[in-house]
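Residue numbering for the sequence shown follows this note's numbering, beginning at 56 and increasing consecutively.
Report on one structure; see the data block that follows.
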Amino acid sequence: MKWAMAVLVVACAGAHEIGTTRVTANFQDDRTFAIEIVTDAATLAEKVRFDDDGAQFRKRVKVMFGGVEVAPAVAYSAAGGQATVRLSGPIAPGPFTWNYGWTFASYSFTVHGGGTQWLEGGQTSAPLAVSAGSTVWRYLVLGFTHILPNGFDHMLFVLGIFLLSGRVRTILAQVSAFTVAHSITLGLSLYGIVSVSPKIVEPMIAVSIAYVAIENIFLKELKSWRVALVFGFGLLHGMGFAGALKDLGLARSEFLTALLSFNIGVEGGQLAVIVAAFLVFGWWSARREWYRGRVVVPASAMIALTAVYWTIERLI
C-alpha cells in the first residue's frame, strides 16, 4: 500500500509540478481586498522587476470582479530567499476571480472564509461571491452619493419640485410620480430592455430641470399636468441613473441587488435634499407673503439659467 501511494504521488507530481508559490486573499470590512503572494525570490527575480511600481508584474496577474479586471496597488519585499508581493485595492461589484501567470507550476490559492483551490499557473480561479450584505451597502451608498454630493443636476430638479409649494401634499405628489418613473426606466435600462444614448438623455435631463424651474415662476399651485410632466421627466432621470450602474460592469446575477439597493440610496439622497430645503427656508416661511417673491422666483430663475447652460453645453 505504501509503495502504491508513493507511485501515485510521484505520478501526480510529474503531471502537475507543485511549486513554491502560495497565494492568500482577504476581503476586508472596509470594502478593500488584500492579496499576498509568497514565492521563491530568485525565481521571481529572473522573470520580473519591480522598479516600475508593479506595472510589469500586473501584466500577468488578473484581479477581476464580475469579469471586469481591476488594477491593484503592488508592494514588493524579499527576505530569507522568499519574495512577498502584496496586492490591494477597493472591492468592485460582481463575483471575484483570480489569475496568476508568473508560475508554470501548481500553487495553492486560499481565500479567507472561502477555502483553498489548487490552480495551475495562468488558470483562472472559480468565481467567489462577495458577501451580500456588503454589496447591498455598497449600492446604497452609491445611490445616495449619486444625488449627494455628486448629482448636482438631480439635486436642482428635486429643489425645483420643492419650490412650487411648501405644502407637504404637493411635494409628495410630485416626488412619488418622479420616484415611480425613474424606478421603471432604471430597471428597464439596466436589463437592456430600453436603451437611449446619453447624448440624448443628458441634454433632456437639463431641459427637464429648466422647464420645472420656469414653470415655478408662473405657476402658484399644483396642477394635474405638472404631476404628469414630472413623471415623464422621471423616466429620463431613470435612464441617467442607469448609466452610473452600467459603468460598473455588473454581473447579471447582481442586477436585482444593485437595482433595489441603488434605488433606495437615490430615494435617501432625494429625501435629504427635501429635508434640507425645509430646514433652510421651507417650514417657517413657505406661507408668508414674501416667500414667492424673495425665494421661489429668484431661486427658480437661477435653477433655470443653470439648466439652460447645461443644455447648451451637453448639446455641443
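We put the beta carbon where it would ideally sit given N, CA and C, even for glycine.
For clarity, every value in this text was computed on a predicted model and none was experimentally measured.
Given that a residue counts as buried once 16 or more other Cβ atoms are within 10 Å of its Cβ, and exposed if not, what is residue i?
{"i": "T171", "result": "exposed"}
{"i": "V351", "result": "buried"}
{"i": "I202", "result": "buried"}
{"i": "M294", "result": "buried"}
{"i": "A187", "result": "Since pLDDT at A187 reaches only 49, below the 50 mark, its modelled position is unreliable, and no value is offered."}
{"i": "A297", "result": "buried"}
{"i": "W83", "result": "In the sequence as displayed, the identity of residue 83 is Gln instead of Trp. Result: exposed."}
{"i": "W280", "result": "exposed"}
{"i": "E344", "result": "exposed"}
{"i": "E276", "result": "exposed"}
{"i": "Y155", "result": "buried"}
{"i": "E368", "result": "exposed"}
{"i": "E101", "result": "exposed"}
{"i": "W58", "result": "Only weak support exists for where W58 lies, its pLDDT of 37 falling under 50; the value from the coordinates is given anyway. The residue in question, W58, is exposed, as its Cβ has fewer than 16 Cβ neighbours within 10 Å."}
Which residue marks the beginning of the beta strand (DSSP E) containing residue i, and which one marks its end?
{"i": "G144", "result": "Q137 to P145"}
{"i": "Q172", "result": "G170 to L174"}
{"i": "W153", "result": "F151 to Y155"}
{"i": "E91", "result": "T87 to D95"}
Round the Cβ separation of residue i and residue j to the nearest angstrom and send it over; I've been treating them as touching at under 8 Å.
{"i": "G144", "j": "V125", "result": "6 Å"}
{"i": "A379", "j": "L142", "result": "This structure does not reach residue 379, given that the chain is present from 56 up to 371, and the question cannot be answered."}
{"i": "A265", "j": "A359", "result": "5 Å"}
{"i": "F214", "j": "A332", "result": "Checking the sequence shown, residue 214 turns out to be Leu, not Phe. So it is a contact: roughly 6 Å between Cβ atoms."}
{"i": "E91", "j": "T139", "result": "6 Å"}
{"i": "A327", "j": "G289", "result": "Actually they are not in contact, since the Cβ atoms of A327 and G289 sit about 18 Å apart, beyond 8 Å."}
{"i": "V282", "j": "A228", "result": "6 Å"}
{"i": "S252", "j": "S244", "result": "So it is not a contact: roughly 12 Å between Cβ atoms."}
Quick one: what's residue i bridged to in DSSP?
{"i": "T46", "result": "Because the chain spans 56 through 371 in this model, residue 46 falls outside it and cannot be assessed."}
{"i": "V125", "result": "V118"}
{"i": "S132", "result": "T139"}
For the alpha helix (DSSP H) holding residue i, just list the boundary residues, first then last.
{"i": "T225", "result": "V223 to L245"}
{"i": "A181", "result": "Here A181 belongs to no alpha helix (DSSP H), and DSSP marks it neither H nor E."}
{"i": "I29", "result": "The question about residue 29 has no answer, for the chain in this structure spans 56 to 371."}
{"i": "W345", "result": "Per DSSP, W345 belongs to no alpha helix (DSSP H) and is neither H nor E."}
{"i": "G11", "result": "The displayed coordinates of the chain run from 56 to 371. Any statement about residue 11 would go beyond what the structure contains."}
{"i": "I358", "result": "V352 to L370"}
{"i": "F112", "result": "A110 to R113"}
Comparing the C-beta of residue i with each C-beta of chain B, is any distance below 8 Å?
{"i": "N271", "result": "The structure shown contains no chain B, having only a single protein chain."}
Problem - Segments of 4+ residues assigned as alpha helix (DSSP H) that fall wholly inside the stretch 249-302 - result: 253-273 and 279-301
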